[in-house]
Each structure stands twice: as structure tokens, then as C-alpha cells.
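Here the structure comes first, spelled out in C-alpha cells, and everything after it is commentary.
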Amino acid sequence: MTVHLVKLCVGIDSIAELVRYREEMAAKRRGKKPLEDSHWTRSFPRRADEVLDGGSLYWVIRGQLCVRHRILRLDEVEDEAGKPYCAIVYDPTVIVTEMHPRRAFQGWRYLEAEDAPADRPDQRAALAHALAEEELPAELRQELRGLGLL
Numbered sequence: 509m510t511v512h513l514v515k516l517c518v519g520i521d522s523i524a525e526l527v528r529y530r531e532e533m534a535a536k537r538r539g540k541k542p543l544e545d546s547h548w549t550r551s552f553p554r555r556a557d558e559v560l561d562g563g564s565l566y567w568v569i570r571g572q573l574c575v576r577h578r579i580l581r582l583d584e585v586e587d588e589a590g591k592p593y594c595a596i597v598y599d600p601t602v603i604v605t606e607m608h609p610r611r612a613f614q615g616w617r618y619l620e621a622e623d624a625p626a627d628r629p630d631q632r633a634a635l636a637h638a639l640a641e642e643e644l645p646a647e648l649r650q651e652l653r654g655l656g657l658l
């Protein structure tokens, strides 16, 4: 049985910004490491077997659950001071999903597979739309989202 993880995407204001950030990170690593990303968290998921059974890391950006990354593995790691962490290692490919509102929370949350938003059918078009949407002024974007037009 698959279960996913949900995390706030702190410091990122849009899907386009997340895509650019991922591209910058990949460019810095090119030729040094395999193309995979990780997010460190203090708690190791108790339902790790379910997460590793096809789970994804879903990101909440500006109050909307809207993108995901496929989780590759969960690594036990330590920082420089020897403090233990869980590294959620994931495929850097950004997968755009249908948007679902989500309130702020701390840490991460489980997301049951049946509650996960569907992937957008045409990923290329969804990413192009996200990039074009970012060119709109922030107030207009917010107004259009409030009306359900974005």
C-alpha cells in the first residue's frame, strides 16, 4: 500500500520558481553526482515501507498542493555535529498535479494514495502554463486564483 509525504516548499513562491531552482541545482552538480535531490528532515517516517512502495514527495506552494517528486529512497544521515536526520531522496523531475488548497503545518504529513491529487495530463503544457502564469503581476495572479481561473 502506497503512502506519500507532503511538505511545505518554504522560500519558493511558484511552480516556475521551483523548476528554475531545480535547474540551477542540477547545473551546479553536473558531472559530480547522480541527478537526484534530497530534503533533510528530523523525523524518519514510521511508514517508510509504504512511502518506498511508489510514494512521492508532494510540495505545498503558497497554500496549494501542486507538484510532486517521486521518492527514490530514505537515507539515514548526520549533520556536521552528528545530529541524525532522514534524507528524503527524490527524482528531480517536477511533476505538476491538480491544485488542492492546503493549510500551513510544520514538518511533513502523510498523504494516502486515494487522497493524492491527480497528475496534470500534459506535463509539458502544465509547466509552460506555470511559467507563463509567473509573468502576471502577483496581485492579478492572486485575484485570478481566487476566482478559480488559474
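The numbers in the numbering used here rise by one with no breaks, and the one at position 139 of the sequence shown is 647.
For every residue, glycine included, the Cβ atom is placed at its ideal position computed from N, Cα and C.
To the nearest angstrom, report how far apart residue i and residue j are at their CA atoms.
i	j	result
L560	A524	27 Å
S522	A589	33 Å
Y467	M509	What is shown of the chain runs 509 to 658, which leaves residue 467 out entirely.
A638	K536	24 Å
A633	V518	25 Å
E558	D583	15 Å
L648	R617	31 Å
L553	P609	Correcting the residue identity first, residue 553 is Pro in this sequence and not Leu. Those two C-alpha atoms are separated by around 24 Å.
V585	A595	6 Å
L652	E642	12 Å
Quick check: residue i and residue j, are their CB atoms within less than 8 Å of each other?
i	j	result
D630	I603	no
E620	L580	no
P600	R538	no
L526	Y566	no
L635	V568	no
M607	L655	no
H736	S564	Given a span of 509 to 658 for the chain in the structure shown, any question on residue 736 remains unanswerable.
How would you label residue i, buried or exposed, when you count the other beta carbons within 10 angstroms and need 16 or more for buried?
i	result
Q650	exposed
V511	buried
A646	exposed
A640	exposed
A624	buried
Just list the residues that DSSP pairs residue i with in beta bridges.
i	result
H608	L573
V594	Just to set this straight, residue 594 is Cys in the shown sequence, not Val. Paired residues: T549, E584.
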